[in-house]
Amino acid sequence: MMFLIRAVLISTVIVCGLSPVSVAGETDAPLVRATRDPHTGQVVVTEGGRPVLQYNYLTVQPPPGYVESIAEGNRRYARARSNYIHPLYGPDGELLTQDWSVDHPHHRGIYWAWPEVDWRGQRGDLHALQTVIARPTANVKLHSGAEYARIEAESLWLWEDETPIVREVAVICVHRAGPEGRHIDLAFHFEALADDVALARRGTDAYGGLNIRLSPIQQMRLIHHADPAGADPRRAWSDSLGIRQGGNRSVGLAVFEKGGNSDYPGDYIEYPDLPWFQPTFPARGTRHVLTKGKTLTLQYRLWIRPGGQTSGAMYERQWDLFNSALEPTSGRMRP
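Just so you know, our numbering puts the end of the sequence shown at 371, numbered straight through with nothing missing.
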């Protein structure tokens, strides 16, 4: 059942870590563009005509023959999905993410979801597309410009595909590539529409939160660093390195968390055999209860660039750049 609602989306020009910039003039084509694919309706971001990523806001059905290729016991996870990033491309057009994997049919590029969503004494699995699922509301805004492209998209979490329990606004800001690579800022805003909605990782100590399923990587290295408690500032980052699908040189895809996120820094989880890595939320052994009238905001930055592991000083610089960016304006999504 689809719910169409009106919403005031949170202002995100400064979420992107930039001062407001002028939109390209009427006679100038924006360099970084966010547009709807005329065939699929999905949001495609390009820079200078080259693809950067696709945000699958609308529902994506399994490819022909895919379900039949999945072990019978796992076919219930080979479901249509929406609200995720795939494909994400590297600097030379390398494929960085994977969707529709045979081993874990519910894995879907970069997506923000929890395997334990509790409501009214029942448990759904947004991660594995069971019982609760995010559905688009058709409330989406796109911006293209000289410095960045921005997507604001609203979804509702529907229980049994019927009852809305959470309103979500996802903000994806794709910056123009520069000498140090490309930054992609992610901001997720969640507000309860029902009482007693709680989020947790699998078993409260495994995966959940910002999930990143990578494409196959040659010569792969997964790296994580977190400063000890009490450090000021307390920096943390994760990185994946190696030769990506369709490429012939190493590419890094790093993740930085906003220091103001709840339960910062998130516990680090990796599964090299998939491959998969992520900063998790909430903290180990806890369940985060969403409260009506109070928005949970989680912010991250992806850093994509050619090359291998960089210096600790450069990771620190990248963390500082992200965390010195202006915070989003306070506000509340309203129906």
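Ideal Cβ placement from N, Cα and C applies to all residues, glycine included.
Remember, it's a predicted structure, so these values are computed and weren't measured experimentally.
DSSP three-state assignment for residue 282, whether helix, strand or coil
As a first step, residue 282 is located in the sequence shown; it is residue number 246 there, counting from the start. Secondary structure of residue 282 (DSSP, three-state): coil.
Once DSSP output is grouped into helix, strand and coil, what is the label at residue 358?
For the purposes of this step, residue 358 is taken as the residue at position 322 of the sequence shown. Three-state DSSP puts residue 358 in a helix.
Per DSSP, what kind of secondary structure is residue 333 in: helix, strand or coil?
On the sequence shown, position 297 is the one that residue 333 refers to. It is a strand residue.
So, with DSSP's three-state summary, where would you put residue 353?
As a first step, residue 353 must be located in the sequence shown, where it is residue number 317. Three-state result, residue 353: helix.
Can you name the start and end residues of the beta strand (DSSP E) that residue 79 belongs to?
Locating residue 79 in the sequence shown gives position 43, where the first residue counts as 1. Run containing residue 79: 79 to 83, per the beta strand (DSSP E) assignment.
For residue 107, is the classification buried or exposed, using 16 other Cβ atoms within 10 angstroms of its Cβ as the cut-off for buried?
Taking the first residue of the sequence shown as 1, we reach residue 107 at position 71. By the C-beta density criterion, residue 107 is exposed, having fewer than 16 other C-beta atoms within 10 angstroms.
In chain order, what residues of the same chain have a beta carbon less than 7 Å from the beta carbon of residue 57, not counting five sequence neighbours either side?
Taking the first residue of the sequence shown as 1, we reach residue 57 at position 21. Because residue 57 carries a pLDDT of 34, less than 50, the predicted location of this residue cannot be relied on, and the following value inherits that uncertainty. These residues qualify, in order along the chain: 181, 182, 183.
Using the beta-carbon count (16 or more within 10 Å), is residue 135 buried or exposed?
One-based indexing of the sequence shown puts residue 135 at position 99. Looking at its Cβ environment, which holds 16 or more other Cβ atoms inside 10 Å, residue 135 is buried.
At the level of alpha carbons, what is the spacing between residue 351 and residue 94?
Along the sequence shown, read from residue 1 onward, the residue named residue 351 stands at position 315. Along the sequence shown, read from residue 1 onward, the residue named residue 94 stands at position 58. Rounded to the nearest angstrom, the two C-alpha atoms are 35 Å apart.
Three-pair Cβ contact test at 8 Å for the segment 222 to 242 versus the segment 281 to 290
no
Would you call the CB atoms of residue 151 and residue 244 closer than 8 Å?
Within the sequence shown, residue 151 is the residue found at index 115, counting from 1. Within the sequence shown, residue 244 is the residue found at index 208, counting from 1. Contact flag set, yes.
Rounded to whole angstroms, what is the Cα-Cα separation between residue 120 and residue 321?
Reading the sequence shown from its first residue, position 84 is the one you call residue 120. Reading the sequence shown from its first residue, position 285 is the one you call residue 321. Approximately 26 Å between the Cα atoms of the pair.
I believe residue 193 touches residue 162 by the beta-carbon criterion, under 8 Å. Please report the beta-carbon distance rounded to the nearest angstrom.
Here residue 193 refers to the residue found at position 157 when the sequence shown is read from its first residue. Here residue 162 refers to the residue found at position 126 when the sequence shown is read from its first residue. Yes, residue 193 and residue 162 are in contact; Cβ-Cβ is about 7 Å, under 8 Å.
Mind checking which residues open and close the alpha helix (DSSP H) that includes residue 103?
In the sequence shown, residue 103 corresponds to position 67, counting from 1. Per DSSP, residue 103 belongs to the alpha helix (DSSP H) from 102 to 105.
Where residue 133 sits in the DSSP three-state scheme
Within the sequence shown, numbered from 1, the residue matching residue 133 stands at position 97. Looking at residue 133 - three-state DSSP - the assignment turns out to be strand.
State the beta-bridge partners of residue 275 as determined by DSSP.
Taking the sequence shown and counting its residues from 1, the one referred to as residue 275 is at position 239. In DSSP, residue 275 forms a bridge with 259, 290.
Using the beta-carbon count (16 or more within 10 Å), is residue 104 buried or exposed?
Indexing the sequence shown from 1 puts residue 104 at position 68. Counting Cβ neighbours within 10 Å, residue 104 comes out exposed, since fewer than 16 surround it.
What residues match up with residue 317 in a beta bridge as DSSP calls it?
As a working note, residue 317 is residue 281 in the sequence shown. Bridge partners of residue 317: none, in fact.
Can you tell me which of the three DSSP states residue 156 falls into?
The residue you call residue 156 lines up with position 120 of the sequence shown. DSSP places residue 156 in the coil class of the three-state scheme, outside both helix and strand.
Let me confirm a value: residue 133 is counted as buried when at least 16 other C-beta atoms fall within 10 Å, else exposed. Which label applies?
Position 97 of the sequence shown holds residue 133. Under this definition residue 133 is a buried residue.
Since residue 372 sits in a beta bridge, which residues does DSSP pair it with?
The chain is shown from 37 up to 371; residue 372 falls before or after that span and cannot be answered.
Tell me which same chain residues have a C-beta within less than 6 Å of the C-beta of residue 167, skipping the five on either side of it?
As a first step, residue 167 must be located in the sequence shown, where it is residue number 131. For residue 167, the CB contacts under 6 Å within the same chain, skipping 5 residues up- and downstream, are 160 in chain order.
For residue 216, does the three-state DSSP call read helix, strand or coil?
In the sequence shown, counting from the first residue as 1, residue 216 sits at position 180. Residue state, collapsed to three classes: coil.
Pull up the distance between the alpha-carbon of residue 176 and that of residue 257, whole angstroms please.
Here residue 176 refers to the residue found at position 140 of the sequence shown. Here residue 257 refers to the residue found at position 221 of the sequence shown. Between residue 176 and residue 257, the C-alpha separation is close to 36 Å.
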